[in-house]
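**Student:** One structure is given below, represented as structure tokens, and several questions about it will come after.
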Amino acid sequence: MHETIRHYAVICTTGVLLAVLSLWCWFGKDADFSESERRTLAQLPEFSRKTVFSGSFMSDFEGYAADQFPQRDSFRALQSFAKLGVFRQADMNGLYVQDGYLAQQQYPLSQPMLDHAAERFQWIYDNYLADSNSHICFSIVPDKHYFLSKESGRLSLSYEQLVEEMCSKTEYMQYIDIFPYLEISDYYRTDTHWRQECIVDIAQSLAMGMGTRISAEYETQELSVPFYGVYTGQLALPVQPDVLYYQTNPMLEGCTVTSYNTGAAKPAAMYDMDKAQSRDPYEMFLGGADALLTIENPNAVTNKELILFRDSFGSSLAPYLAEGYQKITMVDIRYIQPEMLGYFIEFEGQDVLFLYSTLILNNSLGLR
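Residue numbers (the working numbering): -15 to 352.
Written out as structure tokens, the structure is:
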């Protein structure tokens, strides 16, 4: 008798749970965006004879159901806690926690991706730089996994081979090695990026390698909002936020930043405080992703110009380099076709720096 009651209780509980979740799914309001994952969520696909018979409706509905599942973030957090905390799984889809740092396993080394990156750089060199009388340099920013992989015992790509391969494919550039100047504490605990207040020596090393100098002093400012980096949402575990600091001084406040997206020249726009309150506060550095922008510094220690081909790591580094250059043109070829650059930039006699992270070089399909 007791066994029968127990079975009925299990069946009834399961039925009620399924009914509640089903009703929640059908009558609840769909979310457009996941704040934790920083991505747009799938919406209910169109139901028609064409989509049903082609199979696209069910394929799209599967993604929609997963994205709009009730309390999705809570279940994701429970899954991460169970796998990493209870069952001691090494990682969660490549994401892991080591010594308080959230990171992603980088493995294996992708030769086709390095080839693609080198091909795009070669195209820029052949079409704009070969006869420009420019000083061309190249530097690579290691990701966090480089510092954590040995201690954690996780698989890792060969960073030495990555550097060697890229240098052999870009022999027309002078390589500036910044690996020895970096350590894990130079990176945010919850995000991919380096901390601006920790990379003054990196900026000085790059400036020296390009034949200029920077030695200004800065005042460190603290952002008033907590900084939850990109890995926080991806891993879905409760973590302490980072504190985001930024550096300023009268020289930086006298610079003018011009974005080719808007055409507006903005004095003292090194830091976009509106973006500091956004989903990704790191975008406060020069306004985040931008295909093409310039920094003009009337108080630079030289009259030199720099063209900086970069990814997002360059956003927080460029303010330091502004001391040594009257003008910096920042180019992100993830958002602009290199074939278009000749309409905006006159390549003649500048310093040129290609600064890219291992995250981009080993996954370079985004480079146009």
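Built from N, CA and C at the ideal position, the CB exists for glycine as well.
If you measure between the beta carbons of Met353 and Leu98, is that distance less than 9 Å?
**Tutor:** This structure leaves residue 353 out entirely; the chain is present only between -15 and 352.
**Student:** In whole angstroms, give me the CA-to-CA distance for Phe71 and His177.
**Tutor:** Within the sequence shown, the letter at position 87 stands for residue 71. Within the sequence shown, the letter at position 193 stands for residue 177. Reliability of the predicted coordinates at Phe71 is poor, the pLDDT of 48 falling under 50, and the value obtained from them is presented with this limitation in mind. Phe71 and His177: Cα-Cα distance of roughly 29 Å.
**Student:** Under 8 Å: do the region 283 to 292 and the region 217 to 231 share three or more Cβ pairs, one atom per stretch?
**Tutor:** no
**Student:** Unbroken beta strand (DSSP E) runs of length 3 or more, entirely within the region 173 to 248: which are they?
**Tutor:** 203 to 206, 229 to 232 and 240 to 243
**Student:** From Arg104 to Gln95, what does the alpha carbon distance come to, in whole angstroms?
**Tutor:** Counted from its first residue, the sequence shown places residue 104 at position 120. Counted from its first residue, the sequence shown places residue 95 at position 111. Cα to Cα, Arg104 sits roughly 14 Å from Gln95.
**Student:** Cα separation between Phe338 and Asp175?
**Tutor:** Mapped onto the sequence shown, residue 338 falls at position 354. Mapped onto the sequence shown, residue 175 falls at position 191. Phe338 and Asp175 have their C-alpha atoms spaced approximately 22 Å apart.
**Student:** Do the CB positions of Ala260 and Tyr319 come within less than 9 Å of each other?
**Tutor:** To locate residue 260, count along the sequence shown from 1; it is residue 276. To locate residue 319, count along the sequence shown from 1; it is residue 335. Going by C-beta atoms, Ala260 is not nearer than 9 Å to Tyr319.
**Student:** Rounded to whole angstroms, what is the Cα-Cα separation between Gln89 and Asp316?
**Tutor:** What you label residue 89 is simply residue 105 of the sequence shown in a count that begins at 1. What you label residue 316 is simply residue 332 of the sequence shown in a count that begins at 1. Roughly 25 Å between the two C-alpha positions.
**Student:** Give me the Cα-Cα distance between Ala220 and Val241, rounded to the nearest whole angstrom.
**Tutor:** Counting from one through the sequence shown, the residue named residue 220 turns up at place 236. Counting from one through the sequence shown, the residue named residue 241 turns up at place 257. Their Cα atoms are separated by approximately 36 Å.
**Student:** Is the region 298 to 318 in contact with the region 127 to 147, if contact means three or more CB pairs nearer than 8 Å?
**Tutor:** no
**Student:** Using a Cβ-Cβ distance under 9 Å, would Leu305 count as near chain D?
**Tutor:** Checking the listed chains, one finds no chain D in this structure; it contains a single protein chain.
**Student:** Just how far apart, CA to CA, sit Tyr202 and Gly298?
**Tutor:** Residue mapping note: residue 202 aligns to position 218 of the sequence shown, counting from 1. Residue mapping note: residue 298 aligns to position 314 of the sequence shown, counting from 1. Computed Cα separation, rounded: 18 Å.
**Student:** Check the C-beta distance from Met254 over to Leu277 and give it rounded, since I have them as a contact under 8 Å.
**Tutor:** For the purposes of this step, residue 254 is identified with residue 270 of the sequence shown, where counting begins at 1. For the purposes of this step, residue 277 is identified with residue 293 of the sequence shown, where counting begins at 1. About 11 Å separates the Cβ atoms of Met254 and Leu277, ruling out a contact at the 8 Å cut-off.
**Student:** Please give me, in chain order, every unbroken run of the alpha helix (DSSP H) with length at least 4 that falls completely inside the region 118 to 146.
**Tutor:** 129 to 136
**Student:** From the DSSP output, which residues share a beta bridge with Ala87?
**Tutor:** The residue given as residue 87 occupies position 103 in the sequence shown. In DSSP, Ala87 forms a bridge with Tyr80.
**Student:** Give the straight-line distance between the Cα atoms of Gly193 and Asp161, rounded to the nearest whole angstrom.
**Tutor:** On the sequence shown, residue 193 is found 209 positions in, with the first residue counted as 1. On the sequence shown, residue 161 is found 177 positions in, with the first residue counted as 1. Near 9 Å, if we compare the C-alpha coordinates of Asp161 and Gly193.
**Student:** Phe297 lies in the alpha helix (DSSP H); which residues open and close that run?
**Tutor:** Working through the sequence shown from its first residue, we reach residue 297 at position 313. Counting along the chain, the alpha helix (DSSP H) containing Phe297 begins and ends at Phe297 to Leu305.
**Student:** Measuring only the C-alpha atoms, how far is Ile344 from Ala102?
**Tutor:** Here residue 344 corresponds to residue number 360 of the sequence shown, with the count starting at 1. Here residue 102 corresponds to residue number 118 of the sequence shown, with the count starting at 1. For Ile344 and Ala102, the distance between alpha carbons rounds to 12 Å.
**Student:** So, helix, strand or coil for Lys250, using DSSP?
**Tutor:** For the purposes of this step, residue 250 is taken as residue 266 along the sequence shown, with counting starting at 1. If DSSP states are grouped into helix, strand and coil, Lys250 belongs with the strands.
**Student:** Determine, using beta carbons only, whether Asn117 and Glu332 come nearer to each other than 9 Å.
**Tutor:** Taking the sequence shown and counting its residues from 1, the one referred to as residue 117 is at position 133. Taking the sequence shown and counting its residues from 1, the one referred to as residue 332 is at position 348. Going by C-beta atoms, Asn117 is nearer than 9 Å to Glu332.
**Student:** Among Asp170, Pro265, Tyr266 and Ile108, which one has its Cα closest to the Cα of Cys182?
**Tutor:** Indexing the sequence shown from 1 puts residue 182 at position 198. Comparing Cα-Cα distances from Cys182 to each of Asp170, Pro265, Tyr266 and Ile108, the minimum goes to Asp170.
**Student:** Provide the residue span of the beta strand (DSSP E) that contains Leu325, from first to last.
**Tutor:** Within the sequence shown, residue 325 is the residue found at index 341, counting from 1. Here Leu325 belongs to no beta strand (DSSP E), and DSSP marks it neither H nor E.
**Student:** Does the distance from the C-beta atom of Leu190 to that of Leu301 stay below 9 Å?
**Tutor:** As a position in the sequence shown, residue 190 is number 206, starting the count at 1. As a position in the sequence shown, residue 301 is number 317, starting the count at 1. Cβ distance < 9 Å, so Leu190 and Leu301 count as in contact.
**Student:** Given Arg138, which residues of its chain have a CB within under 6 Å of its CB, disregarding the five upstream and five downstream residues?
**Tutor:** Walking along the sequence shown from the start, residue 138 turns up at place 154. Closer than 6 Å at the Cβ level, and outside the excluded window around Arg138, lie Gln89.
**Student:** Assign Leu349 to one of two classes, buried (16 or more other C-beta atoms within 10 Å of its C-beta) or exposed (fewer than that).
**Tutor:** Against the sequence shown, residue 349 aligns to sequence position 365. With fewer than 16 other CB atoms across the displayed protein chains lying within 10 angstroms of its CB, Leu349 is exposed.
**Student:** Specify, as a first and last residue, the run of the alpha helix (DSSP H) that Asp99 falls within.
**Tutor:** Within the sequence shown, numbered from 1, the residue matching residue 99 stands at position 115. Under the DSSP assignment, Asp99 falls in the alpha helix (DSSP H) whose first and last residues are Gln95 to Ile108.
**Student:** Which residue from Gly78, Leu292, Asn346 and Tyr85 puts its Cα closest to that of Glu167?
**Tutor:** For the purposes of this step, residue 167 is taken as residue 183 along the sequence shown, with counting starting at 1. Selected option, being the one with the closest Cα: Tyr85.
**Student:** Quick one: what does DSSP say Glu289 is sitting in, helix, strand or coil?
**Tutor:** In the sequence shown, counting from the first residue as 1, residue 289 sits at position 305. Three-state result, Glu289: strand.
**Student:** Could you check which residue in Arg173, Tyr143, Val209 and Val336 has the C-alpha nearest to that of Thr216?
**Tutor:** Within the sequence shown, the letter at position 232 stands for residue 216. Here the closest residue by C-alpha is Arg173.
**Student:** Taking the alpha-carbon of Gln180 as reference, which of Gln231, Ser208, Gln218 and Tyr159 has the nearest alpha-carbon?
**Tutor:** As a first step, residue 180 is located in the sequence shown; it is residue number 196 there, counting from the start. Taking only the C-alpha atoms, the option nearest Gln180 is Gln231.
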